[in-house]
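Numbering (this note's numbering), first residue to last: 36 to 150.
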C-alpha cells in the first residue's frame, strides 16, 4: 500500500508548513516529531541536552559547534580537548623525535621543498 499512500501523503503534507502540521497533531494528541534539516540539529534541545553537539573554543575559528563524544565516563573526560593540528604543524617534532632527523637534515628537506 505504501506505493499509493506515500505520494498521497506527500501531496497532503506539502499544503502546509511543517510547524502547522506539528501543531495540528499535538492538538489531537497524535505522536509526531519533525524531520530536522542538518542546520536545525545544532539548536535541537534534545541534541544539546544529550551533549551530541557541543560548543568548542577553536584557537583560530573562535566558538564553534562540534559533535560531542557519545560516551560519558564517571571519572574521565572523553570529549575534545584541543583542535586538530594544522597541516604540517608537527612535522618537525615528528621528524626529530620519531624519525631521528637532525636540525640540519630537516633544514635540507625544507630547502628542497620536501616538507
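Note that beta-carbon positions come from the ideal geometry of N, C-alpha and C, so glycine has one too.
Item	Value
For residue 94, report the span of its beta strand (DSSP E) as first-last.	Looking at the DSSP string, residue 94 is not in any beta strand (DSSP E), and its letter there is neither H nor E.
Pop quiz: residue 57 and residue 69 are said to be a contact at Cβ under 8 Å. What is the actual Cβ separation, rounded to whole angstroms?	6 Å
Spell out the partners DSSP gives residue 102 in its beta bridges.	88
Any idea what DSSP makes of residue 55, helix, strand or coil?	helix
Does DSSP classify residue 151 as helix, strand or coil?	Nothing about residue 151 can be reported from this structure: the residues present for the chain run from 36 to 150 only.
Hey, could you find the ends of the alpha helix (DSSP H) residue 127 is sitting in?	126–132
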